[in-house]
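Read the structure below first, then the notes.
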Amino acid sequence: MAKLLYSATMSLDGFIAGPDHDMTWMTRLPDTGPHEVADSIWKQVGSLLVGHNTYYGNDPNEGTDAEGAFGGVWSGPQFVLTRTPPTSPVEGYTFLTDLAEAATAAADAAGDSYVAVLGAGIAADLLAAGLLDEILVFIAPVLLGAGTPLFRHPDGTEIALEEISSTTGPSPTIWLRVRK
Numbered sequence: 000m001a002k003l004l005y006s007a008t009m010s011l012d013g014f015i016a017g018p019d020h021d022m023t024w025m026t027r028l029p030d031t032g033p034h035e036v037a038d039s040i041w042k043q044v045g046s047l048l049v050g051h052n053t054y055y056g057n058d059p060n061e062g063t064d065a066e067g068a069f070g071g072v073w074s075g076p077q078f079v080l081t082r083t084p085p086t087s088p089v090e091g092y093t094f095l096t097d098l099a100e101a102a103t104a105a106a107d108a109a110g111d112s113y114v115a116v117l118g119a120g121i122a123a124d125l126l127a128a129g130l131l132d133e134i135l136v137f138i139a140p141v142l143l144g145a146g147t148p149l150f151r152h153p154d155g156t157e158i159a160l161e162e163i164s165s166t167t168g169p170s171p172t173i174w175l176r177v178r179k
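Numbering (numbering that gives the first Met the number 0), first residue to last: 0 to 179.
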């Protein structure tokens, strides 16, 4: 059964995008060499569940060979949660307006692989609805100062997490399971 995994690269001060959803900061990061988790996670992904802002936002690799999910190496079914789906079909994408329906469709498409959740807003909504299973955070060696935080959690409800794994080094990671 598929698990919903929110995976994001975050600045040390907690932002996954700069002001106005700017992602170009990621293209200015130093190359820290091979990273076992980052270099292989895409192989475990069966589908994407993408939020509105991420779908309509900017890809820092647009126009290059690295454009698209996971630096352009991943392809597969993509589901977009939005209140305003396009009026015409978009090849490779399914647009849905209901959170639970979108999560179920993406999980069905992923089979026994992960559903990669892309976007802070949809991740927070899935977490609040009890649908998010895991969180994988890559910590980038940069301070952005402002932008989109990893999570917005305005109601202040505490969510218990447990560590699955972590790595150290120039770009540390932490992989967490959401306790349910």
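Every residue gets a Cβ at the ideal spot worked out from N, C-alpha and C, and that includes glycine. Keep in mind that this is a model prediction, so the values were computed, not measured.
Which class does residue i belong to by DSSP, given the choice of helix, strand or coil?
i, result
"P76", "coil"
"S10", "strand"
"T93", "strand"
"F150", "coil"
"L4", "strand"
"A16", "strand"
"L160", "strand"
"M22", "coil"
"L87", "According to the sequence displayed, residue 87 carries Ser and not Leu. Three-state DSSP puts S87 in coil, outside helix and strand."
"G62", "coil"
"A108", "helix"
"A122", "helix"
"T103", "helix"
"G67", "coil"
"L98", "helix"
Would a C-beta distance cut-off of 8 angstroms place residue i and residue j closer than the cut-off?
i, j, result
"I138", "L11", "yes"
"G13", "L175", "no"
"A102", "L125", "yes"
"G110", "A1", "yes"
"T96", "P84", "yes"
"R151", "A123", "yes"
"A115", "S6", "yes"
"Q77", "G91", "yes"
"A173", "E162", "Reading off the sequence shown, one finds Ile at residue 173, where the question assumed Ala. Cβ distance < 8 angstroms, so I173 and E162 count as in contact."
"T166", "V36", "yes"
"P29", "P171", "no"
Considering Cα atoms alone, identify which of the options is closest to residue i.
i, options, result
"G32", "W174, I173 and P169", "P169"
"L131", "L142, P140, V141 and G118", "G118"
"N52", "A65, E35 and G17", "G17"
"R178", "T172, I134 and P171", "I134"
"I121", "P76, L80 and L28", "L80"
"T8", "T147, S164 and G71", "T147"
"G50", "G75, A65 and L98", "L98"
"I15", "V136, S164, D64 and G155", "V136"
"I40", "V141, E100, E66 and G70", "G70"
So who's on the other strand from residue i, going by DSSP bridges?
i, result
"V44", "Y113"
"T172", "F137 and T166"
"V49", "V79 and L117"
"V177", "L160"
Hey, does residue i have any beta-carbon neighbour from chain E nearer than 8 angstroms?
i, result
"L135", "The chain inventory of the structure shown lacks chain E, comprising one protein chain alone."
- prompt: Is it true that the stretch 102-114 meets the stretch 28-47, where meeting means three or more beta-carbon pairs spaced less than 8 angstroms apart?
  reply: yes
message: Pairs of beta-carbons, one from the stretch 19-30 and one from the stretch 47-65, closer than 8 angstroms: are there three or more?
response: yes
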